[in-house]
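Protein chains: 2
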Amino acid sequence: MTDVKTPTNPLFLREEELRQGIELLFFAYRDFTAEPDAILAEYGFGRAHHRVIYFVGRNPGMTVSDLLTILRITKQSLSRVLGQLVEEGFITQRPGLQDRRQRLLELTEKGTALERQLTERQRARFAGAYRDAGAEAVEGFRKVMLGLIDEADRARFPLRGPGWR
Amino acid sequence: MTDVKTPTNPLFLREEELRQGIELLFFAYRDFTAEPDAILAEYGFGRAHHRVIYFVGRNPGMTVSDLLTILRITKQSLSRVLGQLVEEGFITQRPGLQDRRQRLLELTEKGTALERQLTERQRARFAGAYRDAGAEAVEGFRKVMLGLIDEADRARFPLRGPGWR
DNA sequence: GTCTTTACGTCAGTCATGTTGACATATATC
DNA sequence: GATATATGTCAACATGACTGACGTAAAGAC
């Protein structure tokens, strides 16, 4: 570290700004996951179950391999969690129409209810943050977050067209 | 769900916007932690070690209970990880000056080197995202992220005074 | 109609990281 | 001297990740 850390040194400003970003992400993620975790514990589930429920709710009829791609975990890790959710009636599997090897995943009513209960807290957190920050800040937030995400997954967040606001 | 989901229904827009926020946070965190995780694996360490190294590097001389407050884990969880880092020469402990029960934590040279190696990738990710998004977007990002963080921890991110940009 | 690939599941074992509860020690404080 | 605090430690446990190997059914290629 050869940088001299004084308030007038732009290298220090930059370093400080970058570290604040790192910490914002850490604290936001920590607090963002804490509420759902507490609810999940009542069901004997963990954060991994939440992720599965969330993405299946978001993409009804998605395949197991779609889910593996999103979560970036091994199929063994997924299969335990997914198996529990199917067995306990939160998720259903049905064979694909074109490709019957696939198992298309969907939430049951019970699964939808839990998804809503879990995500509601997180939506409320975002709603508050967006409201307090304002529309312009939300655009900035989106831009920076997209830049943090690996290029391969940015296409999951389409730019909003004229219908959007 | 009684909302009718059409592009002209503001409730749908809001729901979609909130879900995008949730997903941005998930993907950003997933990708943000992946690179350091790979480096840590070479040392036989995990993400928990990174968090300890990061915050001790950021706050030299911090106490164990400071660290517990930030990480929100139990002291047993911390003590295993911290013990390894001390034993392997990445962190030193020395008694507090006023209160000799405390063990003030600091990175050794070895610890500083690892911290830099790990955080460098994350800083680079933020630097790229900030550069592409622009200064105004960064301000928006900060505002929204602060709003996501529990009120108790927002004071960790002081507003920048006139010296700041 | 075989052959290969793909989608998915499963078994066995391991590791990292979190938990609770109880207890120990040194120091600070009233 | 009694109590509270900062820290560490032991034992036991759960979750969720991993690797590697093997199995099955269906799709796709030749």
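From first to last, the protein sequence lines stand for chains A and B.
For the first sequence, UniProt numbering gives the first residue as 1, with consecutive numbering after it.
For the second sequence, UniProt numbering gives the first residue as 1, with consecutive numbering after it.
Cβ atoms here follow ideal geometry from the backbone N, Cα and C, with glycine treated the same way.
Skipping 5 residues on each side, what residues in its chain have a beta carbon closer than 7 Å to that of residue i?
i: Arg125(A); result: Phe32
i: Ser79(A); result: none
i: Phe157(A); result: Leu146
i: Gly46(A); result: Leu40
Only counting the same chain, and skipping five residues up and downstream in sequence, which positions put a Cβ closer than 8 Å to that of residue i?
i: Leu18(B); result: none
i: Leu114(B); result: Tyr43, Ile53 and Phe90
Does DSSP classify residue i as helix, strand or coil?
i: Leu105(B); result: strand
i: Pro158(B); result: coil
i: Ile91(A); result: strand
i: Trp164(A); result: Confidence at Trp164(A) is low in this model, with a pLDDT of 46, below 50, so the placement of that residue is unreliable and no value is reported for it.
Using the C-alpha atoms, what's the distance from residue j back to residue i?
i: Glu120(A); j: Arg30(B); result: 21 Å
i: Glu87(A); j: Pro95(A); result: 17 Å
i: Leu40(B); j: Ala48(B); result: 10 Å
i: Glu16(B); j: Gly83(B); result: 45 Å
i: Ala129(A); j: Gln117(B); result: 33 Å
i: Leu148(B); j: Ala28(A); result: 6 Å
i: Phe26(A); j: Gln20(A); result: 10 Å
i: residue 171(A); j: Glu35(B); result: In the structure as shown, chain A starts at 1 and stops at 165, and residue 171(A) therefore has no counterpart that could be examined.
i: Gln76(B); j: Ile70(B); result: 15 Å
i: Phe141(B); j: Gly111(B); result: 31 Å
i: Ile73(A); j: Ala133(A); result: 34 Å
i: Glu23(A); j: Glu109(A); result: 38 Å
i: Leu67(A); j: Phe55(A); result: 7 Å
i: Arg154(A); j: Arg58(A); result: 17 Å
i: Ala127(A); j: Asp37(A); result: 19 Å
i: Gln122(A); j: Val81(A); result: 21 Å
i: Asp99(B); j: Arg14(A); result: 35 Å
i: Arg101(B); j: Leu85(A); result: 47 Å
Answer with buried or exposed for residue i, where buried requires no fewer than 16 other C-beta atoms within 10 angstroms of its C-beta.
i: Arg136(A); result: Here the sequence assigns Glu to residue 136(A), which means Arg is not the residue at that position. Glu136(A) is exposed by the Cβ-count criterion.
i: Glu151(B); result: exposed
i: Lys143(A); result: buried
i: Gln93(B); result: exposed
i: Leu97(B); result: exposed
i: Leu159(B); result: exposed
Looking only at its chain, what residues have a beta carbon closer than 6 Å to the beta carbon of residue i, apart from the 5 residues adjacent to it on each side?
i: Val138(B); result: Tyr130
> Does the segment 50-65 of chain B come within contact of the segment 94-106 of chain B, defined as at least 3 CB pairs closer than 8 Å?
Replying inline: With a cut-off of 8 Å, the segment 94-106 of chain B and the segment 50-65 of chain B count as touching, because enough Cβ pairs lie within range.
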